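To keep things clear, I will list the structure first and then write my remarks on it.
In the numbering used here, the protein residues as written are 766 to 925.
Structure below.
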């Protein structure tokens with residue numbers, strides 16, 4: 766939970782926040798039924814983090830939930846739980862913002878943005894090829910996207 770006073774302190778410290786949007790998908794129904802409403806509004810405030818000027822990153826927190834980032838990207842964009850309920854729609858972000866959370870922002874959070882997080886000359890060639898462009902599909906289609914190929918150091922290490 767991140768109420769406004771904590772968000773202000775995080776901003777003042779320029780802290781790197783790593784959030785887990787996939788928890789919205791996997792646990793959102795439980796949050797909506799069990800977390801008091803006055804606390805619910807402070808959960809997974811990704812848009813608020815971005816708008817405040819923080820540089821948040823996202824992760825799966827595996828093995829707590831599945832390690833695949835596409836569910837987290839879907840949840841950050843739609844704020845939908847597995848049952849379709851929406852948790853704090855005012856905190857939705859764009860697919861582009863969600864992709865950045867799992868790529869360049871993750872590299873920034875681990876002090877490795879000079880090595881990874883984007884496709885650039887001189888950086889590690891670690892990437893995946895997806896079945897569809899998360900930016901080019903509807904938000905609800907993001908969770909249906911699959912990984913077709915994994916490339917590590919410029920070498921294909923897995924292919925569907």
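Heads up, the beta-carbon is just placed ideally off N, CA and C, and yes, glycines get one too. Small disclaimer: the values here were computed from a predicted structure and weren't measured.
For residue 788, count neighbouring Cβ atoms within 10 angstroms of its own Cβ and tell me buried if that reaches 16, exposed if not. Burial call: buried.
Taking the alpha-carbon of residue 890 as reference, which of 921, 900 and 907 has the nearest alpha-carbon? Cα-wise, what sits closest to residue 890 is 921.
Give me the Cα-Cα distance between residue 836 and residue 767, rounded to the nearest whole angstrom. Cα to Cα, residue 836 sits roughly 22 Å from residue 767.
For the stretch 872-882 against the stretch 841-850, are there 3 or more C-beta pairs whose distance is under 8 Å? At 8 Å Cβ cutoff, the stretches do not touch.
Rounded straight-line distance, which links the Cα of residue 863 to that of residue 843: Answer to the nearest angstrom: the Cα atoms are 10 Å apart.
N-terminal and C-terminal residue of the beta strand (DSSP E) that residue 914 is part of: That run of the beta strand (DSSP E) goes 912-917.
Relative to the C-alpha of residue 784, which candidate in 794, 798, 856 and 800 has its C-alpha closest? Measuring C-alpha to C-alpha distances from residue 784 to each of 794, 798, 856 and 800 identifies 856 as the nearest.
Looking only at its chain, what residues have a beta carbon closer than 7 Å to the beta carbon of residue 775, apart from the 5 residues adjacent to it on each side? For residue 775, where only same-chain residues beyond five positions count, the Cβ hits under 7 Å are 782 and 819.
Taking all protein chains shown into account, do 16 or more other C-beta atoms lie within 10 angstroms of the C-beta of residue 786, making it buried, or fewer, making it exposed? By the 10 Å Cβ count, residue 786 comes out buried.
Please report how far the alpha carbon of residue 900 lies from the alpha carbon of residue 893, in whole angstroms. Spanning the alpha carbons of residue 900 and residue 893 requires a straight line of approximately 15 Å.
Does the beta-carbon of residue 917 have 16 or more other beta-carbons within 10 angstroms, so that it is buried, or is it exposed? Flag for residue 917 reads exposed.
On the DSSP letters alone, give me the boundaries of the alpha helix (DSSP H) that residue 842 sits inside. Note, residue 842: alpha helix (DSSP H), 834-843.
Pick helix, strand or coil for residue 787, following the three-state DSSP scheme. DSSP, reduced to helix, strand and coil, places residue 787 within a helical segment of the structure shown.
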